[in-house]
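Number of protein chains: 2
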Amino acid sequence: MAGIRDVARQAGVSPATVSRVINGTTPVAADKRERVLRAIEEMGFVPNEVARSLFKKSSKTIGVIIPSIRNPYFTQLADVIDAAAKERGYRIVLYNVHHDLDQERAALQMLAAANADGVIVASNNEALQEELAHYQMPVVVVDALFQTRQVNAYLYCDYYQGGRLAAEHLTACGCRNLVCIRGVQGLYTAQARYEGYRDYCREHGLTEQVVECDYDFEAGLSMTEELLERFPQVDGIVACNDMVAISVYKILHKRNIAVPDQIQLVGFDDIHLASLISPELTTIHQPIDAMGRRAVEVILNEGHLPKEGRRQSFPVSLVPRETTRSKESR
Amino acid sequence: MAGIRDVARQAGVSPATVSRVINGTTPVAADKRERVLRAIEEMGFVPNEVARSLFKKSSKTIGVIIPSIRNPYFTQLADVIDAAAKERGYRIVLYNVHHDLDQERAALQMLAAANADGVIVASNNEALQEELAHYQMPVVVVDALFQTRQVNAYLYCDYYQGGRLAAEHLTACGCRNLVCIRGVQGLYTAQARYEGYRDYCREHGLTEQVVECDYDFEAGLSMTEELLERFPQVDGIVACNDMVAISVYKILHKRNIAVPDQIQLVGFDDIHLASLISPELTTIHQPIDAMGRRAVEVILNEGHLPKEGRRQSFPVSLVPRETTRSKESR
DNA sequence: TTCATAAATGAAACGGGTTTCAAAAGAATG
DNA sequence: CATTCTTTTGAAACCCGTTTCATTTATGAA
């Protein structure tokens, strides 16, 4: 690989001048610039990014840490972040940490050691939280919120409201026997959804019926079986996310339980897949795009949320589709 | 950030000794090692990865370039590659190039400039192919194959056989009016699938009916409409991939066309989603895991496929599920 | 105890751009 | 034409681990 010194020799100038031509930091005489440019062209010179970022202490890179690359919610988020970052001349490095604290730690350390310009973390791990504060690069936490706020920026949705909306919609669609498949409690994102559901039920004299479940498909399948056994009367299900909702549907379908005629179903997240499967899934929409774009903005703003304080909440909304009864048929 | 020289001072040794303790390259006296370790601990020292890789010319990183992070086929592939790489002490950097040649180029250049130890590219872009040869880092092309083979290793599946299997299965299930939704021709992966289908039809006296379609969901939706219009007699559909198959199903479902009773459907890829949706999708299984793991092996083997030549083909198989008639009901 | 080997250790160079600082060249003023 | 202020430009230091190479220290044999 040709280096900057080779180019300099070829062009008959010093390495410093070559650097200046490349970066446009200082004006260079037209004839010399010309020679340098030609030498670069001829030798196919590409500046070594490692050397550059060693000095600059910036790598034009934003780290993105997600718990699972298999969950479409996170890949969608990563995709927007990617697009937003590229628009601003940054690239992202995606770390897929398989829900594993050690891998999260390792990713963080690597990013720090690699002079990343910031990190966007989608982690519900409270233990990691504390470590986050030790790094001096900007950190933004998305899709999570903690009591002990160590980091400057938390971006999350109004999950509580989402839980309420789901319960409200099912009730409005005629359900009287709601069951909530809630995510593991202790995780804010899961808990808030549940509490929204719970409060709505309490306020409207509905008995709250709950089943607990991990966020993935496999867990959704087995939990649904359990749910049907424990609550045979059920006529409305609030799932903790869309992937689980899809697995719920799968079981119902297998048992020939009609959706939405016998049981109505509401998911959470509104991933693309929700409107792609048949029947289309009624779900709580999260503004994933807006959240992702904002995360990048905040990182490039040194990790600070300007005026709003240390956290920013995004609104959710209910998208009625085919797994609940439409207005017309009510 | 504390540097190795700070640690050295604190421990009363030279930076060289600290480096040796960290890397275990040369034995260090027990008492000094002890002091160094304590100093590292106290100062929370983490070696700067950039400086390290500048010297080592290796970053323990494998680049993975995929055309779309939204297509589950590629995220699944990335996930295995990630796991396989981590097992061997490497990390991956995922580049999501949005099917864009310029972004592919940029990704490649960045990887080269970042001292990546190898690149795994899932690209059907022939133009990129040629450039690939210019880089001296190991490159493995997955899910593609070219006439002009510039790179040392191509990993791909027996797509042709997949096309045959799909046609054969539909025929065995009683279909007489097959239509193939083929991917954009010119791409080997798409063309081979189609040719398998075509040859089977010719050999068995079936008229070949074809419709062309991009690999994504939106294209699948509109193409299905067109298909039904052009071939109202259709009773079996071979889709170019699972995402398209899902969109086909969506349209059929919307039109109240029963699957598999009126029309049977075969996808391609066997992404997880295929068995997660309802009804479960009959599809051609690609050994994504094996391919991903092999890709990592080859990279760490300097990008060479040892004996087998410059390419390795993986077998496909048909997985009968719910969108075609099962043996029992035939 | 002494000389020869082997092992541990530090000083300095290295990798490859970038930037500082001072010298050199050019432009402007008197 | 001399003098001063600008603008270019190159030499060298820098970023920070790693490694070479020579020196020091330890080990073993004589």
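Chains as they are written, first to last, in the working numbering: chain E, 4 to 333; chain S, 4 to 333. All C-beta atoms in this analysis are idealised placements derived from N, C-alpha and C, irrespective of residue type, glycine included.
* Asked: When the distance is taken between beta carbons, is ILE84 of chain S closer than 7 angstroms to ILE68 of chain S?
  -> no
* Asked: GLU52 of chain E touches chain S at which residues, Cβ-Cβ below 7 angstroms?
  -> MET113, ALA116, ALA117
* Asked: With a cut-off of 8 angstroms, do at least 3 Cβ pairs link the region 55 to 65 of chain S to the region 88 to 106 of chain S?
  -> They touch, by the three-pair rule.
* Asked: Unbroken beta strand (DSSP E) runs of length 3 or more, entirely within the region 63 to 151 of chain E: which are they?
  -> 64 to 69, 94 to 99, 121 to 124, 142 to 145
* Asked: In or out: HIS307 of chain S buried (at least 16 other Cβ within 10 Å) or exposed?
  -> exposed
* **Per DSSP, cross-strand counterpart(s) of ASP272 of chain E** => Paired residue(s): E:HIS288.
* To do: Consult DSSP for TYR200 of chain S and reduce its assignment to one of helix, strand or coil.
  => Here TYR200 of chain S sits in helix by DSSP.
* Asked: At a Cβ threshold of 7 angstroms, is HIS102 of chain E touching chain S?
  -> no
* Output the residue ranges of the alpha helix (DSSP H) runs that lie fully inside the region 18 to 63 of chain E and measure 4 residues or longer, sorted by chain position. => Counting whole runs of 4 or more residues, the region 18 to 63 of chain E contains the alpha helix (DSSP H) stretches 18 to 26, 33 to 46, 52 to 59.
* **GLY186 of chain S burial status per 10 Å Cβ neighbour count (16 or more: buried)** => buried
* **Collapsed DSSP secondary structure at GLN352 of chain S in the structure displayed** => Coverage of chain S is limited to positions 4 through 333, which leaves residue 352 of chain S absent and any answer about it impossible.
* So what does DSSP say about ARG314 of chain E, is it helix, strand or coil? -> strand
* To do: Mind checking which residues open and close the alpha helix (DSSP H) that includes TYR252 of chain E?
  => 245 to 257
* To do: Give the secondary structure of LEU230 of chain S by DSSP, where H, G and I count as helix, E and B as strand, and everything else as coil.
  => helix
* Is the Cβ-Cβ distance between ALA116 of chain S and TYR163 of chain S less than 7 angstroms? -> Contact flag unset, no.
* Asked: Which partner residues does ILE184 of chain E have in the DSSP bridge list?
  -> E:VAL214
* Asked: Are the C-beta of ILE280 of chain E and some C-beta of chain S separated by less than 7 angstroms?
  -> yes
* Buried versus exposed call for THR20 of chain E [16 or more other C-beta atoms within 10 Å across all chains shown] -> buried
* **Three-state secondary structure (DSSP) of GLY208 of chain E** => coil
* **Below-7 angstroms beta-carbon distance, SER332 of chain S vs any chain E residue** => Caution applies to SER332 of chain S, whose pLDDT of 47 falls short of 50 and renders its modelled position unreliable; the model cannot decide the point.
* So, helix, strand or coil for LEU321 of chain S, using DSSP? -> In the three-state reduction of the DSSP assignment, LEU321 of chain S falls in the strand class, which pools E and B.
* Of all the options S:TYR138, S:HIS137, S:ASN304, S:VAL142, which has the alpha carbon lying nearest to the alpha carbon of VAL124 of chain S? -> Closest option to VAL124 of chain S, Cα to Cα, is S:VAL142.
* Buried or exposed by the 16-neighbour rule on C-beta atoms within 10 Å, applied to ASP34 of chain S -> Flag for ASP34 of chain S reads exposed.
* To do: Report yes if the C-beta distance between CYS176 of chain E and GLN267 of chain E is below 7 angstroms; otherwise report no.
  => yes
* **Own chain residues within Cβ distance below 7 angstroms of HIS275 of chain S, not counting five before or after** => PRO75, GLN79
* How many Å lie between VAL10 of chain S and PRO18 of chain S at the Cα? -> 8 angstroms
* If you draw a straight line from the C-alpha of ASP245 of chain S to the C-alpha of ASP272 of chain S, how long is it? -> 6 angstroms
* Out of curiosity, what's the CA-to-CA distance linking GLU331 of chain E and ALA193 of chain S? -> With a pLDDT of only 48 at GLU331 of chain E, under the threshold of 50, the placement of this residue in the model should not be trusted; the figure read from the coordinates follows. C-alpha separation (whole angstroms): 43 angstroms.
* Asked: Thinking C-alpha only, which one of S:GLU300, S:PRO323, S:GLU305, S:THR327 is nearest LYS89 of chain S?
  -> S:GLU300
* Asked: Of the residues E:ALA87, E:GLU215, E:ILE302, E:ASN155, which one's Cα is nearest the Cα of VAL247 of chain E?
  -> E:GLU215
* Asked: Can you tell me whether DSSP reads ILE7 of chain E as helix, strand or coil?
  -> helix
* Who are the Cβ neighbours of THR28 of chain E in its own chain at under 8 angstroms, not counting the five residues just before and after it? -> SER22
* Buried or exposed by the 16-neighbour rule on C-beta atoms within 10 Å, applied to THR285 of chain S -> Counting Cβ neighbours within 10 Å, THR285 of chain S comes out buried, since at least 16 surround it.
* In chain order, what residues of the same chain have a beta carbon less than 8 angstroms from the beta carbon of LEU40 of chain E, not counting five sequence neighbours either side? -> VAL24
* Across which residues does DSSP place LEU190 of chain E in a beta bridge pair? -> DSSP lists no partner for LEU190 of chain E.
* Residues sharing a beta bridge with VAL262 of chain S, DSSP -> Per DSSP, none; premise fails for VAL262 of chain S.
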